[in-house]
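The structure under discussion appears below in the form of C-alpha cells.
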Amino acid sequence: MAKKYDAIIIGGGHNGLICAAYLAKAGKDVLVLEKRHIVGGAAVTEEIYPGFKFSVCSYVVSLFRPHIVRELNLAQHGYDIIPMDSSFQPLHNDVGLCRWGDGARSRREIARFSKHDSEVYGEFGKVMTHMARLAKEVIDHPAPDVASINPKELASLLRMGKVFKNLGPEMLQMNTKLLTMSSADFLDLWFESEVLKGPMAVSGVIGTFLGVRSPGTAYVLLHHYMGELDGAFRSWGFSKGGTGGVSDACASAARSYGVEIRTEVAVSHVKIVNGKAKGVVLANGDEIESKIVISNLDPNRTYLKMIGENNLDADITTEIKRFKMRGSSGKVNFALSGLPQFCKGREGDEYMRGDIAIVPNVDYLEKAYDQAKYGEFSERPFINIVIPSLTDPTLAPPGKHVMSCFVQYAPFDIKEGPEHWPQLSEKFGDAVQATIKEYVPDFDSLVLHRQVVTPWDMQETFGLTEGNIFQGELTLEQLLFQRPIAGYAKYKTPIDGLWMCGSGTHPGGGIMGSGGELSAKTILNDKAI
Amino acid sequence: MPIGTPFHERTEEHCKNKDWKDWAGFFTANSYNVVNDFEYFAFRHSAGLIDITPLFKYKITGADSGSFLSRLMTKDISKLRLNQATYCCWCDNRGMVVDDGTVMRLEENEYFVTAADPSYSWFNRFVKTSDVTIEDVTETMCGLAIQGPTSRDILKKMCDADLDNLKFFWTTKAKVDGADFFISRTGYTGDLGYEVWTENENAIKLFDAIWAAGKGYNIRMAGIAALDVARIEAGLVMNGVDYHSSLHALTPAQMSTPYELGLGWTVNLERDSFMGQKALKKEKKEGSKWATVGLDINWPELEEIFNEHNLAPHTAAGAWRDSIPVYHRDDVTRQIGYATSGTWSPAVKKNIAMATIEAAYAKPGTKVNFEVTVEHQRRTVSAIVEKPQFFNPERKRSNPKK
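Each protein sequence line maps, in turn, to chains A and B.
The first sequence lines up with residues 2 to 530 when you count with the numbering used here.
The second sequence lines up with residues 991 to 1392 when you count with the numbering used here.
Shown next as C-alpha cells:
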C-alpha cells in the first residue's frame, strides 16, 4: 500500500519549507512537492549564464524573522546574510545622493539638497524604528479576528492593543497618518527635498499597482525599518550565494527533521472527498495520500486550481477573484564583464555596494505609474539595482559582476494582453538598459548576458499569478484578518484539511518566513494532525 | 608612544576614520571605517587583511632548538615535522600559563615562534646548552594575516606556492617580485586563512602584491575590532582579556592553567620533563577548578526586558571585553563565574560570550544566569553553557578537491 503522509505541502517556496520543517520538528511525516527542478519558489539562485549566479526574482533579505532562524537552527544550515551599508541615487550632472550607515556622512550628503532634511532624517528614522516595534507584534502572530468574540481572539487583540497604548498619543497619531496617507504625502510631513523623497517614497509602492501618491501606501514605508538582522533593527542584506541560500538553508533544516522533498513533481489538484482534502493528484495522474494538505501557492491558484470552483461556494469564488494580484514589476538581471560606474564623481566602489535606486525625484515615479495605468510598461521606470558580487565575490568570476535590477512599473495587464509579454520582453529589457545607460554611458559594452523576467514569466515559471511578487498586493484591505479573504485568514480554507502557508496569507510577502511558521504553529495548535 | 609598522604607509591610506590603537607599541587600526561591520564580514565571505606585525616574533635556531622548545612548551615540539606549525601555550613551574602562540618549524633546526607578550628573557633563561640561539625578530620582521574564504585564491594569484596542497597548520616558502616570504596556514579568525611573514624591507612589496591580487575577490582591510568578533565566534582565547599571563598576574587567583583555558589539548603530558609538567599532572588527576566555556545568552528573555522599557532589543556594536558576572541557574546571588568577552555572532546568529566558570558548571547544556544592563538597570537572563567554539566551518581545514 502506498505511503500516507501526515501532511503534503504543495510548493517548495521558503514558506513551504519552513512550514514543513516546523511540522516535522513536531514529529510529523511531511512531504514537499515542488514543480521546478530547484526549491525556493521566488527565492532562488540560478546560474543563468556560465559562472554567474543570479538571484533571479527576490534579491535582498530584511524581514526574515530572527526567531525562525533560532528555532530551526538555520545558521547551522547555511543561513548567512551580509548587511548592505549604502543606498545610492544617481542623478544627471551631479554626484547624486548616497545614504550611508554612517549618520554624519549621510547628513552631509542630504544637506547638499536640504539642510532641514539632513537634520530631520535621523529623527524620522527614530520614529519609524519605534513604530516598527508595533508592526513586529502584528507580523509575529496570527491575525486576530476582529469580528470574533472568541476569548482567544480577544486576548490576542488586547495584547496588540497594549503595544499600541504604550506607543503614546504622539506615536498613535503618527500611526494613523501612516495607515491612511500616501507615501509621498506622509514624507511631505517631514521632508522638503524631492530628490531625497524619491527613493524613500518608492518603498511604499514596491510590488503594488499603486503610485506614490495613492492613499494607503505610506505604511509600507515601515517595512524599511522593520528588518532585523544580527540582533538589531536594521535594514537590508544579501544572502550569501544569492537568495537561494535562504531557501537552501530552510530545505536543509527541513530535511534534518525528516522532511521528504521531491522536485519536478507538479500537482494537478487537491484530492477532495466529501469536502475534505485527502491528498493530492499529480499532473501525471498519480495520487499521494495525506491527512492534510498545505498549499504554498498563492490564493488564486490555491482556490481556483487546487480546489477548483466546483468545490467552492460562488461567493467565495467571487471574493477570491476580487483578491488583487495585479503584478506591477519585472526583473532584469545582467552578467557583466566589469564593474559599471554609476557616478564618475565618486571614488572607489563603496557607494555601489548597497542598492542603487534610479528614481531622481517623486514626479519621476508618478510619471512611471501614469504609463502603467493605461497598460504600458514605464519607458523610464524606477529601477532598484544591486551588484551583490561586489560583496560576495563567489557569485561571479573574479573582476566580473552580476547585477540585479528590480523594475517597476511593468503591469501584468499590458494593453496588448498579458499573453503578449513574451514578444514584448526584449523591448522591456531595452527600456531598462536604456535607462541605465543614461547614468552609465558605456553600459552596453559591459553586458555579457541579459535575463529579462516579465510579470508573465513570474506567472508561468514561478507560479506567481499575474506576476505579483507578494502573492497578492500588500494593501490594507488585503492584510491581517482579510488576507486572503475574511473568514479564512488563519491559514484555513473552506476545504476541511486544506491549509495555506504562503505569502498570500498573513502577514504577507517578502522573505519573512512568517506564513510558513505561523501556519505550522496554527496547524499544530489545532491538532489538525 | 607607538610607532608605525612597516606597513603603516599603506594602512594609513586605508584607515579613513583614524581609529588607531596601541598594540604592543605599534600603531594598529582598530577599524578602518566608521561603520566597520564589513571588515568582519570580509573574514566570513571574502578576505580580510590585518597587519599582525605587533605580535612578538622569535627565531630559535641550533641543533638543540627542538628539544629546547619541547622543554618550554606544553606541546612536544620535537614531534613537529619540517614546515609544520602548531598552536600551544607555555607555563611556569606551577603550571600557570605564561603566554600562548604559534610555533613553526621552518628549517631542520630553525623554529619561528609568535607570542602576545615580550618573551625573550623568559625563553632565554631556559637555554641550557650552547646550541640554541634565540633571536628577537619582532622589529625586523613583519606579518599580515589574510583570512576568509577567498584568501587562498588571492595568495595563489600573487605567488607560486602550492597552496592547494598546503594543509591547515603547515607552512611554505614563497617569493614575490624577487623577495622571500613564508606563508603559514594559521590565523585568529577560525576561518580559512593564512599569515604571511617577511623581512621588514619587503613589507610594501608584499602588501601591494596581495592587495592587487585581492581586487576581484573583495579583499578589505580589517581592524582589531572585526578580528575580535571573529575570534570570539571561533572560541579563541586572548592573553590579557580572557586570561592573564602568570608573569603579570598579581595574585594566584588571576592566573590560569592550560586546562582551565580549554587548552588541555595542547598539553602532551607523558614525555620528558617540561615546564609545569608536575603541576599539570597533578591537576589532570585531581581535576581543575575553573573552565573556559562559551555562553549562548537567551535572546527572547533579553528582548522581553527591552520590551518592558518600550525599546527594541539591541546589542553593543561589535565585541565587548568587560568582566560580567555569571550566576547559578537557581540563585542569582550565587556567582559561579564571569564572562570576559562577548559579541553578537553574525555567523551563528546568537548573542555569545566567553566565560570562566567553576568546573562543576562547565558541562555543555548547563543553564546559568547572565547579568545584563538594560536602561541602567541590572537584570539577569538565562544562558546555556556551550563549548567556546561556536563557529568552525569546514573550509578552515579542508583543501580543494582534486
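Note that the Cβ used here is the ideal one computed from N, Cα and C, for glycine as well.
Within-8 Å CB hit, residue i to chain B
{"i": "R109 (chain A)", "result": "no"}
{"i": "D103 (chain A)", "result": "yes"}
{"i": "L391 (chain A)", "result": "yes"}
{"i": "T130 (chain A)", "result": "yes"}
{"i": "G400 (chain A)", "result": "yes"}
{"i": "A70 (chain A)", "result": "Note on identity: in this sequence residue 70 (chain A) is Val, with Ala being the wrong assignment. With 8 Å as the cut-off, V70 (chain A) counts as an interface residue toward chain B."}
{"i": "P535 (chain A)", "result": "Missing from the structure shown is residue 535 (chain A); chain A here goes from 2 to 530 and no further."}
{"i": "K528 (chain A)", "result": "no"}
{"i": "I83 (chain A)", "result": "yes"}
{"i": "K36 (chain A)", "result": "no"}
{"i": "F234 (chain A)", "result": "In this prediction, F234 (chain A) scores a pLDDT of 47, lower than 50, which makes its location untrustworthy; the coordinate-derived value is nonetheless stated afterwards. Chain B, which has a Cβ nearer than 8 Å to the Cβ of F234 (chain A), makes this yes."}
{"i": "A336 (chain A)", "result": "no"}
{"i": "G13 (chain A)", "result": "no"}
{"i": "K241 (chain A)", "result": "yes"}
{"i": "A521 (chain A)", "result": "no"}
Counterpart residues of residue i in DSSP-defined beta bridges
{"i": "V260 (chain A)", "result": "In DSSP, V260 (chain A) forms no bridge with anything."}
{"i": "T1123 (chain B)", "result": "B:T1051"}
{"i": "H450 (chain A)", "result": "A:A336"}
{"i": "C1079 (chain B)", "result": "B:D1090"}
{"i": "I10 (chain A)", "result": "A:V33 and A:I295"}
{"i": "S236 (chain A)", "result": "S236 (chain A) is not bridged to any residue."}
Best match in the options for proximity to residue i [C-alpha to C-alpha]
{"i": "I384 (chain A)", "options": "A:V408, A:N362 and A:L135", "result": "A:V408"}
{"i": "D1232 (chain B)", "options": "B:G1206, B:G1177, B:A1269 and B:S1313", "result": "B:S1313"}
{"i": "L1096 (chain B)", "options": "B:P1242, B:S1246, B:G1332 and B:T1162", "result": "B:T1162"}
{"i": "G1225 (chain B)", "options": "B:A1306, B:L1156 and B:L1285", "result": "B:L1285"}
{"i": "K1006 (chain B)", "options": "B:W1013, B:N1023 and B:T995", "result": "B:N1023"}
{"i": "T1363 (chain B)", "options": "B:P1315, B:S1021 and B:F1381", "result": "B:P1315"}
{"i": "L425 (chain A)", "options": "A:G331, A:N285, A:I512 and A:V360", "result": "A:G331"}
{"i": "M172 (chain A)", "options": "A:T46, A:I82 and A:L135", "result": "A:L135"}
{"i": "D364 (chain A)", "options": "A:K198, A:L190 and A:K178", "result": "A:K198"}
Contacting residues, own chain, Cβ-Cβ under 7 Å from residue i (five flanking each side not counted)
{"i": "T1001 (chain B)", "result": "A1019, D1041 and M1211"}
{"i": "V1122 (chain B)", "result": "I1050, G1052, D1054, S1055 and F1058"}
{"i": "G509 (chain A)", "result": "F471, L475, L480 and R484"}
{"i": "P1383 (chain B)", "result": "D1181"}
{"i": "S390 (chain A)", "result": "L396, A397, H402 and V403"}
{"i": "N1155 (chain B)", "result": "N1389"}
Range of the contiguous beta strand (DSSP E) that encloses residue i
{"i": "A1135 (chain B)", "result": "M1131 to Q1137"}
{"i": "M1344 (chain B)", "result": "K1340 to E1348"}
{"i": "T1161 (chain B)", "result": "T1161 to V1166"}
{"i": "G1015 (chain B)", "result": "Neither: G1015 (chain B) is in no beta strand (DSSP E) and is coded neither H nor E."}
{"i": "D1170 (chain B)", "result": "A1169 to S1174"}
Close Cβ partners of residue i (< 6 Å) along its chain, the five nearest in sequence each way excluded
{"i": "A529 (chain A)", "result": "I293"}
{"i": "F1264 (chain B)", "result": "R1061"}
{"i": "L1253 (chain B)", "result": "C1079"}
{"i": "L465 (chain A)", "result": "M459"}
{"i": "L32 (chain A)", "result": "Y6, I9 and E261"}
{"i": "I140 (chain A)", "result": "P508 and S515"}
{"i": "K54 (chain A)", "result": "T46, E48, G243 and L396"}
{"i": "G468 (chain A)", "result": "G328, F413, P456, M459 and Q460"}
Test: residue i CB closer than 8 Å to a CB of chain A
{"i": "K1386 (chain B)", "result": "no"}
{"i": "S1235 (chain B)", "result": "no"}
{"i": "W1289 (chain B)", "result": "yes"}
{"i": "H1238 (chain B)", "result": "no"}
{"i": "Y1207 (chain B)", "result": "yes"}
{"i": "N1389 (chain B)", "result": "no"}
Unbroken alpha helix (DSSP H) run spanning residue i, endpoints
{"i": "D364 (chain A)", "result": "V363 to K374"}
{"i": "W457 (chain A)", "result": "P456 to F463"}
{"i": "K198 (chain A)", "result": "E195 to V203"}
{"i": "N312 (chain A)", "result": "Unbroken run through N312 (chain A): none, as it is neither H nor E."}
{"i": "G1327 (chain B)", "result": "No alpha helix (DSSP H) contains G1327 (chain B), which is instead part of the beta strand (DSSP E) from Q1325 to S1335."}
{"i": "W1201 (chain B)", "result": "A1193 to G1204"}
{"i": "D431 (chain A)", "result": "W422 to K438"}
heavy atom of the ligand NAP below 7 Å from residue i C-beta
{"i": "F471 (chain A)", "result": "The ligand NAP is absent from the structure shown, which contains no ligand whatsoever."}
Residues near residue i by beta carbon distance below 8 Å, same chain, minus five either side
{"i": "Q372 (chain A)", "result": "F378, S379, E380 and Y410"}
Quick one: which residues of the segment 1016-1040 of chain B get their C-beta closer than 7 Å to a C-beta of chain C? List them in chain order. No chain C is part of this structure, whose protein chains are labelled A and B.
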